[in-house]
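Peer 1: Residue numbers (our numbering): 515 to 991.
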Amino acid sequence: MKSFSRVGKVDEVLRLFRQMKEGPCYPNILCHNTVLNCLAAAKRFNVLRVVLEEMYSSRVLPNVSTFNILVKAYSCYSHQFNLAFRVLDEMFTFGCNPDVTTYSTLVSGLSRAGRVADIEAVIEMMLDRNCDPNVFTFVPILKAHCERGDVKAAETLIERMPVSNSLQNSLVHNIWIDALCKSGHFDKVKLIFKEATSKGWKPSTISYNTYMNALCKVGEADEAYRALEMMMGNGLYPTVVTMNILLDSLCHASKVFEAKKVLDLSFHFGWEFSLVSYNILMSTLCKIGQWQSVMMLFIDMLKKGVCPNTRTYNIVVHSLCEAKKMREAEYLVKFQGFVADVVTYNTLLDGYCKTGNISEVNNLYYRMTAVEKIDPDIITYNILIEMHCKKGKIKDAIDIFRQVHLKGFLPDLVAYSTIIDGCLKNGLLDKGLQLLDSMLAQGLVPNIALQELFVRACCKKNPSHVWISIEKLLGRR
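(1) Okay, do the stretch 932-940 and the stretch 893-900 touch, 3+ Cβ pairs below 8 Å being the bar?
(2) Three-state secondary structure (DSSP) at residue 699?
(3) Evaluate the contact criterion for the stretch 659-670 versus the stretch 635-651: three or more CB pairs, one atom per stretch, below 8 Å.
(4) Taking 7 Å as the line, does the beta carbon of residue 901 fall inside it for any heavy atom of the ligand MG?
(5) Using only alpha-carbon positions, find the residue among 802, 843, 778 and 824 that is nearest to residue 811.
(6) Taking the alpha carbon of residue 791 as the point to measure from, which residue in 822, 805 and 767 has its own alpha carbon closest?
(7) Assuming contact is defined by CB atoms lying nearer than 8 Å, are residue 588 and residue 601 in contact in what I supplied?
(8) Alpha carbon to alpha carbon, how far is residue 672 from residue 687?
(9) Looking at the unbroken alpha helix (DSSP H) that takes in residue 942, where does it start and where does it end?
(10) At what residue ranges does the stretch 880-952 contain a whole run of the alpha helix (DSSP H), taking only runs of 4 or more?
(11) Can you check which of these residues, 697, 528, 848 and 808, is closest to residue 551 by C-alpha distance?
(12) Would you kindly report the start and end of the unbroken alpha helix (DSSP H) that includes residue 791?
(13) For residue 776 versus residue 761, is the C-beta distance shorter than 8 Å?
(14) Just to confirm before moving on: does the CB-CB distance between residue 937 and residue 908 stay below 8 Å?
(15) In angstroms, rounded to a whole number, what distance separates the CA positions of residue 700 and residue 690?
(16) Hey, would you say residue 1011 sits closer than 8 Å to residue 876, going by beta carbons?
(17) Assuming the contact rule is C-beta atoms closer than 8 Å, residue 592 and residue 548 should be a hit. Round their C-beta distance to whole Å, please.
(18) Quick check on the burial criterion: 16 or more other C-beta atoms within 10 angstroms. Buried or exposed for residue 725?
(19) Where does residue 887 land, buried or exposed, given buried means 16+ other C-beta within 10 angstroms?
(20) Which of the three DSSP states, helix, strand or coil, is assigned to residue 610?
(21) Please state whether DSSP places residue 656 in a helix, a strand or coil.
(22) In terms of residue numbering, what span does the alpha helix (DSSP H) encompassing residue 574 cover?
(23) Short of 7 Å in beta carbon distance, which residues of its chain neighbour residue 831, apart from the five on each side in sequence? Order them along the chain.
(24) Does the beta-carbon of residue 869 have 16 or more other beta-carbons within 10 angstroms, so that it is buried, or is it exposed?
(25) Going by other Cβ atoms of all chains shown within 10 Å of its Cβ, with 16 needed for buried, is residue 951 buried or exposed?
(26) How long is the line joining the alpha carbons of residue 539 and residue 521, rounded to whole angstroms?
(27) Identify which residue in 759, 721 and 880 has its Cα closest to the Cα of residue 745.
(28) Are residue 595 and residue 562 closer than 8 Å when you measure CB to CB?
(29) With a CB to CB cut of under 8 Å and the five nearest residues on each side skipped, what residues in its chain are close to residue 545?
(30) What does the alpha-carbon distance come out to for the pair residue 576 and residue 612?
(31) Round the Cβ separation of residue 763 and residue 738 to the nearest angstrom and send it over; I've been treating them as touching at under 8 Å.
(32) Please report the residue range of the alpha helix (DSSP H) in which residue 530 lies.
(33) Helix, strand or coil for residue 623 per DSSP?
(34) I need the straight-line Cα distance from residue 524 to residue 557, nearest angstrom please.
(35) Quick one: measure Cβ to Cβ for residue 620 and residue 585, integer angstroms, because I've assumed they're closer than 8 Å.
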């Protein structure tokens, strides 16, 4: 039952439970608790009540764990706090004393519901019943204060927390650091790191990663590097997360040389780095037009034994296409181990479209759909429509536009703008107006350039159409 419960298969849990009840091995309190916990997590409260009533009637006595499950069900899952408090009273009837888990669960539910004012009453109740709260009682309250941005209340709470070990200390401080970073209190975070030893805790990589990530998001990459030095000075080494935070920040700041240096250092010192690290840097290099650098980095990662994925290959293919190295790009697609997707072929199609090579576009489209069995998307069709319009093959472009509907896609603004532009430039004003009707009916609005093109086309062919065109564009027809 526990195995089914862990993966959320409630019906299987209930089936086994019923079989046990009908057989010689009647379920004990542990079995009942497993079923109740599973039903609570699945929010099947009606069935939970039935199982509970059957348990009472069969004289299986509940224990503290049973009541803790019920408190969790009513406070954390359903926010029926009146029932949760009633469970506390029922516990005494069965000779069970609520423990720290019982109260902490109730506090967690109240915190999630934003009922912070009620929490103090629960803490007082604990103390009155000689049950001392622990750090896990206070953590949900701390999270609630932090989510509301109440820094002062969170700080006061931390001072009164009974922290018993370094792991609990790290948990509390990581929540606190995250909240301070989100509210921009970086000076307070620096002070926390400075006073860590005297306060009896050691910052973890999570602590530093949280701090560095927040600094990078506000453009403080230099300060993030100082945090990295502080982290390493305390005997901690960067993780994959650390490297990706720094690389992403440097790339956004267009500090590509520094980003490459970080990647080289990570390999040299044996720090953790991943394929994602390379993809982040290569993607940025591609965006800023440094396609040769993308290729160099791609070769570098292969030499270091980092296995590329489809995203990596797509970045390289895009770079080669932008550099007008179409043959090399196509060769790479055929490379063993490269699983091409629709993005890959769209990139190649767009590259050939820009070179004006319509025969290559058609051949590539055939290979994509007939050989590789990759379904085109709306971007694929937009590229094909644009290519045929550029070559003056307007009838073929219209046929492709019709396929968009047949394949179950709704043409987007790009598709309509491209085909209408092609119709107007090839003297098909009536067809252009017909497509404009469809476009407007779909809720799409033509851009200024297309509107001007309509007016010019109407003036050239039939001035009386100008007002028809303008009224359509203004939505009066």
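Note that beta-carbon positions come from the ideal geometry of N, C-alpha and C, so glycine has one too.
Peer 2: In this structure, then:
(1) yes
(2) Here residue 699 refers to the residue found at position 185 of the sequence shown. Three-state result, residue 699: coil.
(3) no
(4) This structure lacks the ligand MG; in fact it carries no ligand of any kind.
(5) To locate residue 811, count along the sequence shown from 1; it is residue 297. The option with the nearest alpha carbon to residue 811 is 778.
(6) Mapped onto the sequence shown, residue 791 falls at position 277. Closest by alpha carbon: 822.
(7) To locate residue 588, count along the sequence shown from 1; it is residue 74. To locate residue 601, count along the sequence shown from 1; it is residue 87. In this structure, residue 601 lies closer than 8 Å to residue 588 by Cβ.
(8) Indexing the sequence shown from 1 puts residue 672 at position 158. Indexing the sequence shown from 1 puts residue 687 at position 173. Their Cα atoms are separated by approximately 9 Å.
(9) Counted from its first residue, the sequence shown places residue 942 at position 428. Taken as a continuous stretch (DSSP letters only), residue 942 belongs to no alpha helix (DSSP H), as it is neither H nor E.
(10) Those alpha helix (DSSP H) runs which fall completely within the stretch 880-952 and span 4+ residues are 892-904, 908-920 and 927-939.
(11) Counted from its first residue, the sequence shown places residue 551 at position 37. For residue 551, the closest alpha carbon among the candidates 697, 528, 848 and 808 is that of 528.
(12) Walking along the sequence shown from the start, residue 791 turns up at place 277. Counting along the chain, the alpha helix (DSSP H) containing residue 791 begins and ends at 789-801.
(13) Position 262 of the sequence shown, counted from the first residue, corresponds to residue 776. Position 247 of the sequence shown, counted from the first residue, corresponds to residue 761. Yes, these two residues count as a Cβ contact at 8 Å.
(14) As a working note, residue 937 is residue 423 in the sequence shown. As a working note, residue 908 is residue 394 in the sequence shown. Yes, the pair counts as a contact, with Cβ atoms nearer than the cut-off.
(15) If you number the sequence shown from 1, residue 700 lands on position 186. If you number the sequence shown from 1, residue 690 lands on position 176. It is roughly 12 Å from the alpha-carbon of residue 700 to the alpha-carbon of residue 690.
(16) Since the first and last residues shown for the chain are 515 and 991, residue 1011 lies out of range.
(17) The residue given as residue 592 occupies position 78 in the sequence shown. The residue given as residue 548 occupies position 34 in the sequence shown. Cβ-Cβ separation between residue 592 and residue 548: approximately 20 Å, too far for a contact (criterion under 8 Å).
(18) Numbered from 1 along the sequence shown, position 211 holds the residue referred to as residue 725. Buried is the call here.
(19) As a position in the sequence shown, residue 887 is number 373, starting the count at 1. Exposed.
(20) For this step, residue 610 is matched to residue 96 along the sequence shown. Here residue 610 sits in coil by DSSP.
(21) Locating residue 656 in the sequence shown gives position 142, counting from the first residue. If DSSP states are grouped into helix, strand and coil, residue 656 belongs with the helices.
(22) The residue you call residue 574 lines up with position 60 of the sequence shown. That residue, residue 574, is in no alpha helix (DSSP H); it is neither H nor E in DSSP.
(23) Taking the sequence shown and counting its residues from 1, one reaches residue 831 at position 317. Cβ within range, chain order: 843, 846, 847, 858, 861 and 862.
(24) Working through the sequence shown from its first residue, we reach residue 869 at position 355. Exposed, because fewer than 16 other Cβ atoms sit within 10 Å of the Cβ of residue 869.
(25) Mapped onto the sequence shown, residue 951 falls at position 437. So residue 951 counts as exposed.
(26) Walking along the sequence shown from the start, residue 539 turns up at place 25. Walking along the sequence shown from the start, residue 521 turns up at place 7. Distance between the alpha carbons of residue 539 and residue 521 is about 24 Å.
(27) As a working note, residue 745 is residue 231 in the sequence shown. Comparing Cα positions, the closest option is 721.
(28) The sequence position of residue 595 within the sequence shown is 81, counting from 1. The sequence position of residue 562 within the sequence shown is 48, counting from 1. Result no, Cβ atoms of residue 595 and residue 562 do not sit closer than 8 Å.
(29) Numbered from its first residue, the sequence shown carries residue 545 at position 31. Counting only Cβ-Cβ distances below 8 Å, and skipping sequence neighbours, we find 515, 531 and 534.
(30) Position 62 of the sequence shown, counted from the start, is the residue given in the question as residue 576. Position 98 of the sequence shown, counted from the start, is the residue given in the question as residue 612. Going from the Cα of residue 576 to the Cα of residue 612 covers about 13 Å.
(31) Here residue 763 corresponds to residue number 249 of the sequence shown, with the count starting at 1. Here residue 738 corresponds to residue number 224 of the sequence shown, with the count starting at 1. With a Cβ gap of about 6 Å, residue 763 and residue 738 count as contacting.
(32) Within the sequence shown, residue 530 is the residue found at index 16, counting from 1. Residues 524-536.
(33) Within the sequence shown, numbered from 1, the residue matching residue 623 stands at position 109. Per DSSP, reduced to three states, the secondary structure at residue 623 is helical.
(34) Residue mapping note: residue 524 aligns to position 10 of the sequence shown, counting from 1. Residue mapping note: residue 557 aligns to position 43 of the sequence shown, counting from 1. Near 11 Å, if we compare the C-alpha coordinates of residue 557 and residue 524.
(35) The residue you call residue 620 lines up with position 106 of the sequence shown. The residue you call residue 585 lines up with position 71 of the sequence shown. Confirmed, about 6 Å.
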